[in-house]
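Trainee:
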Amino acid sequence: MALKIFITGATGYIGGDTLHDLHSQHPEHQYTALIRTKDKAAIVEKAYPEVKVVIGDLDNSELLEQQAAEADVVIHTADASDHAGAAKAIAAGLVKGHSKDSGRIGYWLHTGGTGILTYEDDEKGRLGEHSDKEYNDWSGVKELTNLPATAFHRNVDEIVLSTGEKHGDNVKVALVCPPTIYGRGRGPVATRGRQAYELTKLILTAQYIPVVGEGKARWNNVHVSDLARLFTLLVEAAAEPEKRSTDAGEVWGGNVYYFAENGEHVWTELAERIGDACTRLEYTGKLEKRALGKDEALEQAGFEAVSWGWNSRGKAERARKVLGWSPSGSSIEDEVPNMVREEHERLKEKS
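Residue numbering for the sequence shown follows the UniProt record's numbering, beginning at 1 and increasing consecutively.
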């Protein structure tokens, strides 16, 4: 079944890789991409001549609502976890344009983030402390849907989940929450992640190995190609829902989270591995560890740097159980030399 797909963030890291994966496997679908500028639109159109481009941004609520109403599937990846206005517009469009009675069901694949799991460290002022706490998107999903309103991304998550709860007969939602994302993206514009790449940049430029707080915080991770594959599997579930043996309520709905993890790292250990690679590749001399406090971290690299001192651990069981998701990308540890080389080249080009 061919679908009309509306995607935001096609020039970004997640959206670009998702469009690549989805389009390569399902060219039969009709794709419309929201692009902010004509310059970037030209790049997307060159890479995908058959993709329709609409120029606009996340503040253009009328355009978002219109496109969501017309699409069968909305894949929202552009600043999706924090832009409440865009989420409200997409929700309104999906509700307005779809109904079970008309035979048109709408599907919303929304990108959240596991930053939502850091709220306790943040509120209690913990930095770099070890934690055994691990969330779960299957057996522990009720805990996720009852996280406090103060948790990161929670305000937008609530918009998505409430749409699935109130309008579940007409609009099916899936809230995908990736952790640290790594690997070179295959999209036409952005090919670089944030957290691990900003860490690599700091180590290359400041020439030390940062230890945030006690240096024991842990975070899950996923290769960008495996994350893209999850989005593709969800689109396939939307295209042929009758072929799925699992209950629809396990795939879609107001109580459905998808953690997209395939590993875990301790931030300090990852920083040490990056530092060793910098030295081996002769980009730096031998590097020493140095304490990095919260305020200094914010100055160095913003939220990404502070996140190196917080725990975010969420087990991804749902995608494996109900979609057969089977990650196959290289580990973040194996990807470190590539990250270091790419960041080194990027910094050279900017200098």
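Backbone N, C-alpha and C fix where the C-beta goes; we use that ideal spot for every residue, glycine too.
Given the structure is predicted, the values throughout are model-derived calculations rather than measurements.
Let me check understanding here. Comparing Cα to Cα, which of G309, Q30, D82 lies closest to A71?
Mentor: Your numbering for residue 71 matches position 71 in the sequence shown. Selected option, being the one with the closest Cα: Q30.
Trainee: Looking at the strands, I want to know which residues DSSP matches up with E264.
Mentor: Against the sequence shown, residue 264 aligns to sequence position 264. Beta-bridge pairing links E264 to N220.
Trainee: Buried or exposed, going by whether 16 or more other CB atoms sit within 10 Å of the CB of T180?
Mentor: Residue 180 sits at position 180 when you count from the first residue of the sequence shown. Buried, because 16 or more other Cβ atoms sit within 10 Å of the Cβ of T180.
Trainee: DSSP three-state call for T77: helix, strand or coil?
Mentor: Position 77 of the sequence shown, counting from 1, holds the residue named residue 77. Looking at T77 - three-state DSSP - the assignment turns out to be coil, as it is neither helix nor strand.
Trainee: Let me confirm a value: K166 is counted as buried when at least 16 other C-beta atoms fall within 10 Å, else exposed. Which label applies?
Mentor: The sequence position of residue 166 within the sequence shown is 166, counting from 1. Its Cβ having fewer than 16 others within 10 Å, K166 is exposed.
Trainee: Thinking C-alpha only, which one of L3, A316, R341, F303 is nearest Y107?
Mentor: Taking the sequence shown and counting its residues from 1, the one referred to as residue 107 is at position 107. Comparing Cα positions, the closest option is L3.
Trainee: So, helix, strand or coil for T180, using DSSP?
Mentor: Your numbering for residue 180 matches position 180 in the sequence shown. Note: T180 maps to strand in three-state DSSP.
Trainee: Evaluate contact between the segment 310-327 and the segment 131-144, counting only Cβ atoms and requiring at least three cross-stretch pairs below 8 Å.
Mentor: The segment 310-327 vs the segment 131-144: in contact.
Trainee: Drop a sphere of 10 angstroms on the beta-carbon of E198, count the other beta-carbons inside from all chains shown, and report buried for 16 or more, exposed for fewer.
Mentor: Here residue 198 corresponds to residue number 198 of the sequence shown, with the count starting at 1. Counting Cβ neighbours within 10 Å, E198 comes out buried, since at least 16 surround it.
Trainee: Per DSSP, which one or two residues make a beta bridge with I105?
Mentor: As a position in the sequence shown, residue 105 is number 105, starting the count at 1. BP columns for I105 are empty, so no partner.
Trainee: Closest by CA to I159, which one among E250, K88, E343?
Mentor: The residue labelled residue 159 in the question sits at position 159 within the sequence shown. Answer by Cα proximity: K88.
Trainee: Roughly how far, in whole angstroms, is the beta-carbon of residue 357 from the beta-carbon of Q195, given that I think they are within contact range, below 8 Å?
Mentor: With the chain covering only 1 through 351, there is no way to say anything about residue 357.
Trainee: Looking only at its own chain, which residues have a Cβ that is under 6 Å from the Cβ of G97, when we skip the five neighbours before and after it?
Mentor: Within the sequence shown, numbered from 1, the residue matching residue 97 stands at position 97. Around G97: A69.
Trainee: Assuming the contact rule is C-beta atoms closer than 8 Å, T145 and H76 should be a hit. Round their C-beta distance to whole Å, please.
Mentor: Residue 145 sits at position 145 when you count from the first residue of the sequence shown. Residue 76 sits at position 76 when you count from the first residue of the sequence shown. In fact, because the Cβ distance is near 19 Å, the residues do not count as touching under 8 Å.
Trainee: Applying the criterion that 16 or more other CB atoms from any shown protein chain within 10 Å of the CB defines a buried residue, is P327 buried or exposed?
Mentor: In the sequence shown, residue 327 corresponds to position 327, counting from 1. Buried.
Trainee: Short check: CB of residue 362 to CB of K172, under 8 Å?
Mentor: The requested residue 362 is not part of the displayed model; the chain covers only 1 to 351.
Trainee: Just the Cα atoms here: how many angstroms apart are G103 and E242?
Mentor: By one-based count along the sequence shown, residue 103 stands at place 103. By one-based count along the sequence shown, residue 242 stands at place 242. Looking at the two C-alpha atoms, the distance is approximately 14 Å.
Trainee: So, using beta-carbon positions, are L58 and D79 closer together than 8 Å?
Mentor: Residue numbering aside, residue 58 sits at position 58 when the sequence shown is read from its first letter. Residue numbering aside, residue 79 sits at position 79 when the sequence shown is read from its first letter. Cβ distance < 8 Å, so L58 and D79 count as in contact.
Trainee: Below 6 Å CB to CB, which residues in the same chain sit around L292 once its five sequence neighbours on both sides are set aside?
Mentor: Locating residue 292 in the sequence shown gives position 292, counting from the first residue. Cβ within range, chain order: P210, V212.
Trainee: Let me check one thing: in DSSP terms, what residues is K289 bridge-paired to?
Mentor: Mapped onto the sequence shown, residue 289 falls at position 289. Paired residue(s): I209.
Trainee: N311 and G263 - do their beta-carbons sit closer together than 8 Å?
Mentor: The residue you call residue 263 lines up with position 263 of the sequence shown. The residue you call residue 311 lines up with position 311 of the sequence shown. Taking 8 Å as the Cβ cut-off, G263 and N311 do not qualify as a contacting pair.
Trainee: How do the segment 279-286 and the segment 329-349 stand: do at least 3 beta-carbon pairs fall below 8 Å, yes or no?
Mentor: The answer is yes - the segment 329-349 touches the segment 279-286, with three or more Cβ pairs under 8 Å.
Trainee: According to DSSP, is F231 part of a helix, a strand, or is it coil?
Mentor: Numbered from 1 along the sequence shown, position 231 holds the residue referred to as residue 231. In the structure shown, F231 sits in a helix (DSSP, three-state: H, G or I).
Trainee: Relative to the C-alpha of T118, which candidate in C177, S162, Q67, H83 has its C-alpha closest?
Mentor: For the purposes of this step, residue 118 is identified with residue 118 of the sequence shown, where counting begins at 1. The option with the nearest alpha carbon to T118 is C177.
Trainee: Name the two residues that bound the continuous alpha helix (DSSP H) containing F152.
Mentor: On the sequence shown, position 152 is the one that residue 152 refers to. Where F152 is concerned, there is no enclosing alpha helix (DSSP H), given that its DSSP letter is neither H nor E.
Trainee: Classify H130: buried if its beta carbon has 16 or more other beta carbons within 10 angstroms, exposed otherwise.
Mentor: Here residue 130 corresponds to residue number 130 of the sequence shown, with the count starting at 1. Classification of H130: exposed, given that the 10 Å Cβ count is below 16.
Trainee: May I ask you to list the residues that DSSP assigns as paired with A33?
Mentor: Within the sequence shown, residue 33 is the residue found at index 33, counting from 1. In DSSP, A33 forms a bridge with I7, V53.
Trainee: Using DSSP's beta-bridge definition, name the partner residues of V171.
Mentor: Walking along the sequence shown from the start, residue 171 turns up at place 171. DSSP lists G106 as partners of V171.
Trainee: Which two residues bound the contiguous beta strand (DSSP E) that contains Y13?
Mentor: Position 13 of the sequence shown holds residue 13. Careful: Y13 lies outside any beta strand (DSSP E), inside the alpha helix (DSSP H) at 13-25.
Trainee: Quick one: measure Cβ to Cβ for V54 and E45, integer angstroms, because I've assumed they're closer than 8 Å.
Mentor: Counted from its first residue, the sequence shown places residue 54 at position 54. Counted from its first residue, the sequence shown places residue 45 at position 45. Wrong, their Cβ atoms sit about 12 Å apart, outside the cutoff.
Trainee: I need the DSSP call for A258, collapsed to helix, strand or coil.
Mentor: Working through the sequence shown from its first residue, we reach residue 258 at position 258. Residue identity check: residue 258 is Tyr in the sequence provided, not Ala. Y258: strand per DSSP, three-state reduction.
Trainee: Give the C-beta separation of A190 and G56 to the nearest angstrom, bearing in mind that I take them to be a contact with Cβ-Cβ under 8 Å.
Mentor: Indexing the sequence shown from 1 puts residue 190 at position 190. Indexing the sequence shown from 1 puts residue 56 at position 56. Going by Cβ atoms, the distance from A190 to G56 rounds to 18 Å, so no, they are not a contact pair.
Trainee: Leaving out the 5 sequence neighbours to the left and right, which residues in its chain are closer than 8 Å to D121 when beta-carbon positions are compared?
Mentor: Here residue 121 refers to the residue found at position 121 when the sequence shown is read from its first residue. Around D121: L127, E129, S131, A217, G309, W310, N311.
Trainee: Tell me where the alpha helix (DSSP H) around D122 begins and ends.
Mentor: Taking the first residue of the sequence shown as 1, we reach residue 122 at position 122. Counting along the chain, the alpha helix (DSSP H) containing D122 begins and ends at 119-123.
Trainee: Go ahead and pull the three-state DSSP assignment for S328.
Mentor: For the purposes of this step, residue 328 is taken as residue 328 along the sequence shown, with counting starting at 1. Note: S328 maps to coil in three-state DSSP.
Trainee: Output the distance between the C-alpha atoms of G168 and D157, rounded to the nearest integer angstrom.
Mentor: Here residue 168 corresponds to residue number 168 of the sequence shown, with the count starting at 1. Here residue 157 corresponds to residue number 157 of the sequence shown, with the count starting at 1. About 16 Å.
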